[in-house]
Amino acid sequence: MALAENPHPAACPACVAAPDMSDIRDRDPARAGPVRLELSLPGIHCAGCISGVERALQAVPGVASARVNLTLKRASIEAGAEVSADRLVEVLDRAGYEAHELDATALSATGTDRAGRDLAMRLAVAFFANMNVMLLSVSVWAGAADATRDMFHWLSGAIAIPAVIFAGVPFYRSAWGALRRWRLNMDVPISLALVLALALSLWETWLSGHHAYFDAALSLVFFLLLGRYLDHRTRASARSAAEELTALEVPKALKLEGGRESEVHAADLAPGDRVLVRPGGRVPVDGVVETGTSELDRSLMTGESLPVFASAGHEVSAGEVNLTGPLTVRVIAAGRETSLHRIADLVAVAEAGRANYNSLADRAARAYAPVVHLMALGAFVGWMWISGGDMRLSLNIAVATLIITCPCALGLAVPAVTAAASGRLFRSGLLIKDGTALERLAEIDVVVFDKTGTLTMGAPLPEGLESLSDEERAVALALAEGSAHPLSRALVEAARHAGAEPAAVTEVREVPGYGVEGRFAGRTVRLGRADWVGARPVERTATWLALGEADPKPIVFADALRPGAEEAVAALRAAGKRILLMSGDTAAAVAAFAGRIGIDEHVAEALPADKAARIRDLTTEGHRVLMVGDGLNDTAALAAAHVSISPASALDAARVASDIVLLGRDLAPVADAVDTGIRARKRIKENFALSTVYNVVAVPFALLGFATPFLAALAMSASSVTVSLNALRLR
Amino acid sequence: MEVLTYLIPISLFLGGVGLVAFFWTMKTKQYDDPEGDRHRILRDDYDDKPKD
Chain A
21 MALAENPHPA ACPACVAAPD MSDIRDRDPA RAGPVRLELS LPGIHCAGCI
71 SGVERALQAV PGVASARVNL TLKRASIEAG AEVSADRLVE VLDRAGYEAH
121 ELDATALSAT GTDRAGRDLA MRLAVAFFAN MNVMLLSVSV WAGAADATRD
171 MFHWLSGAIA IPAVIFAGVP FYRSAWGALR RWRLNMDVPI SLALVLALAL
221 SLWETWLSGH HAYFDAALSL VFFLLLGRYL DHRTRASARS AAEELTALEV
271 PKALKLEGGR ESEVHAADLA PGDRVLVRPG GRVPVDGVVE TGTSELDRSL
321 MTGESLPVFA SAGHEVSAGE VNLTGPLTVR VIAAGRETSL HRIADLVAVA
371 EAGRANYNSL ADRAARAYAP VVHLMALGAF VGWMWISGGD MRLSLNIAVA
421 TLIITCPCAL GLAVPAVTAA ASGRLFRSGL LIKDGTALER LAEIDVVVFD
471 KTGTLTMGAP LPEGLESLSD EERAVALALA EGSAHPLSRA LVEAARHAGA
521 EPAAVTEVRE VPGYGVEGRF AGRTVRLGRA DWVGARPVER TATWLALGEA
571 DPKPIVFADA LRPGAEEAVA ALRAAGKRIL LMSGDTAAAV AAFAGRIGID
621 EHVAEALPAD KAARIRDLTT EGHRVLMVGD GLNDTAALAA AHVSISPASA
671 LDAARVASDI VLLGRDLAPV ADAVDTGIRA RKRIKENFAL STVYNVVAVP
721 FALLGFATPF LAALAMSASS VTVSLNALRL R
Chain B
85 MEVLTYLIPI SLFLGGVGLV AFFWTMKTKQ YDDPEGDRHR ILRDDYDDKP
135 KD
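So the protein sequences, as listed, match chains A and B. Going from the first sequence to my numbering is simple: count from 1 and add 20. Going from the second sequence to my numbering is simple: count from 1 and add 84.
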């Protein structure tokens with residue numbers, strides 16, 4: 021009776037306490053459908069992080085659900101339309117977790133997943149069939165004879181034939197693709213071995229023969245699929261994460277036409293059009309400022325760390341970031357004609373050169389495939405001659421040779437190592453975009469770093485705040501809060517961190533391109549450019565604070581060193597690499613910075629083409645260069661280098677051009693990556709050696725006609741397992 | 085040897101059950117976050133609710 025009185029009978033108290041979902045929807049009819057947001061969380065690693073992130077996200081009003089995927093280091097959030105990703109990133113930042121927004125619509129995970137799931141299904145079928153056939157085979161090896169043996173063979177065939185046909189599809193498809201273009205790849209001997217083994221075994225079974233190779237065919241498919249699957253997993257996860265990073269930046273522009281703004285694709289603009297660039301926005305075209313004053317951050321384009329003043333008549337180029345005031349820009353060049361795009365063309369040229377890289381696996385496959393065919397053919401012809409035309413015997417020996425020499429361990433040797441190494445690097449925050457990047461990383465002897473945004477955070481940090489009086493600091497903080505300029509934001513953060521409270525400054529207004537102005541205790545107070553507040557400019561990045569008629573005081577900024585930068589440089593030097601610093605910044609700034617971080621060789625005021633040319637020079641001198649950079653000015657250099665790394669904060673074009681993306685803020689994993697690359701290459705070579713040894717031992721048996729299905733299964737499994745275990749040593 | 089007529093179909097059936105179970109776990113995306121699930125199962129505030 022007590023239950024019946026309860027208007028909401030529920031199984032547990034929590035369910036009673038939880039509001040009914042339909043209630044919420046009824047109460048909030050204006051809300052648009054829930055949106056899915058994806059965040060990348062490079063720093064999370066434990067159960068505490070999962071709870072911490074999920075709790076922090078769920079506490080945000082409007083968030084319906086938040087789920088962390090620790091494997092992908094990602095969180096997916098379902099929330100009302102009023103929740104923005106920026107807000108969530110901010111919340112997580114305050115909770116102590118680094119987060120980046122990912123474009124949920126660009127998630128191609130479902131597409132790539134399907135291929136992975138397909139491989140896993142085939143793998144499962146191969147495994148299931150293999151285990152069952154092995155049970156029957158063991159009985160045959162143990163001495164089952166006559167009718168029992170024949171029945172076991174027939175049963176094995178009934179399981180193996182459909183299973184091999186289904187599970188081997190990826191190999192048949194690839195082999196057919198190669199044969200159609202009159203070429204050989206690894207999948208040709210594999211497919212041939214599978215088809216011949218099945219056909220021969222069926223024939224033997226029909227004739228009540230002693231040996232059938234059904235189990236060997238299945239083991240072959242199983243181990244090779246395992247290699248394929250590992251390879252796919254490694255690539256798919258890296259590719260989807262890289263795609264997500266890329267999809268963040270869509271080149272849109274605000275076109276002004278008859279006093280109205282409309283959003284258009286940057287490529288659709290024509291010279292003479294006028295576009296509006298809002299503060300915080302990236303300039304989409306090359307052009308001339310018509311109206312408005314502001315400052316431009318050109319660091320990603322040129323490596324300059326100082327913002328540049330811009331007003332009517334100044335030229336701007338695509339890729340620069342507008343900092344303070346809105347600008348109207350008349351288009352001079354758009355789309356393919358912009359300087360940004362010309363740099364992208366440099367990249368295409370440089371990348372074409374690198375596509376010729378031959379991985380160890382390619383080279384091994386190219387040498388191996390003909391050998392396998394020739395040896396099997398030789399065995400067949402040779403035994404036909406020796407036995408005087410005994411087709412059955414000769415075919416048996418040829419198939420045994422084909423199965424034993426088949427690149428089972430070879431197919432696992434590289435993927436197993438790459439998967440283990442990529443997993444290890446992913447855990448330390450590195451995303452391997454290109455499969456051969458690890459091998460190339462192992463070969464480098466010169467490391468070239470970009471300065472702004474790579475070794476530094478690309479974000480200024482105020483120095484000497486203590487030298488200001490409490491009052492000055494409070495006024496500076498109050499003024500800085502009135503602007504979104506990066507210097508202001510850095511000042512706010514630092515002052516707050518030092519425990520300052522904003523003063524009661526009134527009438528705060530931002531004068532775009534100059535600074536912030538307000539009234540405090542009856543005086544006009546200003547924070548901004550030197551000439552605006554009446555001071556003489558200094559060499560370094562600085563903003564000036566003027567209280568009434570008092571002398572303006574400078575607040576000097578330094579670019580904050582990226583965490584782990586010093587460790588990375590030191591570790592690479594200890595590993596015997598030659599280290600260069602190449603920056604587009606001024607000679608004084610570069611020299612000072614190089615001294616601080618301990619790099620002897622440095623190049624300043626380098627143009628994008630200079631950087632790429634310098635790297636090509638190094639390459640022709642016989643060096644293998646690792647380039648670490650983030651800006652557009654680095655893009656061509658990144659593509660020209662033997663292997664390249666860029667941080668996740670880098671410009672889209674730079675990330676696309678690089679082989680490895682650094683997901684976290686910390687630079688220290690770079691040194692670790694080089695080390696892992698070297699060890700990965702060592703493991704790959706060991707694996708090749710191991711599988712060669714198995715072949716050298718087993719092939720004579722096969723050629724002499726002593727190979728039995730038992731021996732084939734043993735050699736195949738043993739070599740595959742050893743190779744996988746050796747790869748696991750990398751983890 | 086007559087026992088084989090029972091045993092072989094039984095072993096095939098059991099293996100098949102395992103295979104189907106594996107397909108089911110694939111279809112329901114249970115391998116999407118092995119790393120996270122490993123930690124989640126030990127968490128105190130285990131708060132996953134069945135999907136509604």
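Here a beta-carbon is modelled for each residue, glycine too, at the ideal position from N, C-alpha and C.
| said: Could you compute how far the alpha carbon of N152 (chain A) sits from the alpha carbon of A146 (chain A)? | reply: 10 angstroms
| task | To the nearest angstrom, report how far apart L601 (chain A) and E641 (chain A) are at their CA atoms. | result | 18 angstroms
| Which class does D64 (chain A) belong to by DSSP, given the choice of helix, strand or coil? | Residue 64 (chain A) is actually Ile in this sequence, not Asp. I64 (chain A) carries a coil assignment under DSSP once its states are collapsed to helix, strand and coil.
| task | Go through the segment 512-536 of chain A residue by residue and report every complete run of the alpha helix (DSSP H) that reaches 4 residues or more, in order. | result | none
| field | Contained beta strand (DSSP E) runs [length at least 3] in the segment 79-140 of chain A, N- to C-terminal order | value | Counting only runs of 3 or more, we get 83-89, 94-99 and 120-122.
| task | Could you tell me which of A:R598, A:R703, A:A99 and A:A632 sits nearest to L658 (chain A), measuring between CA atoms? | result | A:A632
| query | Is there contact between the segment 229-244 of chain A and the segment 175-188 of chain A, where contact requires at least three CB pairs shorter than 8 angstroms? | reply | yes
| message | At the 8 angstroms Cβ level, is R56 (chain A) part of the contact set with chain B, yes or no? | response | no
| task | Output yes if chain A places a C-beta closer than 8 angstroms to the C-beta of F97 (chain B); else output no. | result | no
| query | When the cut-off is 8 angstroms and only beta carbons count, does R255 (chain A) lie next to chain B? | reply | no
| Roughly how many angstroms separate the alpha carbons of R298 (chain A) and M647 (chain A), rounded to a whole number? | Note on geometry: alpha-carbon atoms of R298 (chain A) and M647 (chain A) lie some 33 angstroms from one another.
| Contiguous beta strand (DSSP E) assignments of at least 3 residues, all confined to the segment 654-712 of chain A | 663-667 and 680-682
| task | Return the chain-ordered ranges of every alpha helix (DSSP H) run that is complete within the segment 389-436 of chain A and spans a minimum of 4 residues. | result | 411-425
| query | Is DSSP giving I464 (chain A) helix, strand or coil here? | reply | coil
| message | Output needed for F721 (chain A): all residues of its chain with C-beta closer than 7 angstroms, excluding positions within five of it in sequence on either side, in chain order. | response | A727 and L731
| query | Applying a beta-carbon distance threshold of less than 8 angstroms, which residues of chain B neighbour L175 (chain A)? | reply | I92
| request: Compare the C-beta of R137 (chain A) with all C-beta atoms of chain B and state if any pair is closer than 8 angstroms. | output: yes
| query | Looking at the C-beta of E86 (chain B), does it have a partner C-beta in chain A at a distance below 8 angstroms? | reply | no
| said: Could you tell me the alpha carbon to alpha carbon distance between S414 (chain A) and V401 (chain A), rounded to whole angstroms? | reply: Each residue's alpha carbon lies about 8 angstroms from the other.
| field | Beta-carbon spacing of A668 (chain A), V676 (chain A) below 8 angstroms | value | no
| task | Could you tell me whether the Cβ of F469 (chain A) comes closer than 8 angstroms to any Cβ of chain B? | result | no
| request: Apply the 10 Å Cβ neighbour rule to F97 (chain B) and answer buried if 16 or more other Cβ atoms are within range, or exposed otherwise. | output: Counting the other Cβ atoms within 10 Å of the Cβ of F97 (chain B) gives fewer than 16, which makes it exposed.
| query | Run through DSSP, which three-state label would D579 (chain A) get? | reply | strand
| query | Where does L57 (chain A) fall in DSSP's three states? | reply | Three-state DSSP puts L57 (chain A) in a strand.
| query | Where do the N-terminal and C-terminal ends of the alpha helix (DSSP H) with V305 (chain A) fall, by residue? | reply | From DSSP, V305 (chain A) is part of no alpha helix (DSSP H); its letter is neither H nor E.
| query | Is A510 (chain A) near P480 (chain A), with beta carbons less than 8 angstroms apart? | reply | Against a cut-off of 8 angstroms, the Cβ pair of P480 (chain A) and A510 (chain A) comes out as a contact.
| task | For K275 (chain A), count neighbouring C-beta atoms within 10 Å of its own C-beta (all shown protein chains included) and say buried if the count is 16 or more, exposed if not. | result | buried
| Does the Cβ of R200 (chain A) have 16 or more other Cβ atoms within 10 Å, making it buried, or fewer, making it exposed? | exposed
| Okay, do the segment 461-475 of chain A and the segment 574-586 of chain A touch, 3+ Cβ pairs below 8 angstroms being the bar? | yes
| message | Counting only beta-carbon separations shorter than 8 angstroms, does V295 (chain A) have a partner in chain B? | response | no
| message | Taking a contact to mean a Cβ-Cβ separation below 8 angstroms, would you say L220 (chain A) touches V419 (chain A) in this structure? | response | A contact, by the Cβ cut-off of 8 angstroms.
| Whose C-beta lies closer than 6 angstroms to the C-beta of I698 (chain A) among residues of the same chain, with five residues either side of it excluded? | Cβ neighbours of I698 (chain A) beyond the five flanking positions: A462.
| Should T112 (chain B) be labelled buried (16 or more other beta-carbon atoms within 10 Å of its own) or exposed? | exposed
| request: Check whether the Cβ atoms of T225 (chain A) and W161 (chain A) lie closer than 8 angstroms to each other. | output: no
| query | To which residues of the same chain is P689 (chain A) closer than 6 angstroms at the C-beta, ignoring the five residues directly before and after it? | reply | S448, G449 and L450
| request: To the nearest angstrom, report how far apart P291 (chain A) and A353 (chain A) are at their CA atoms. | output: Rounded to whole angstroms, P291 (chain A) to A353 (chain A) spans 6 angstroms at the Cα level.
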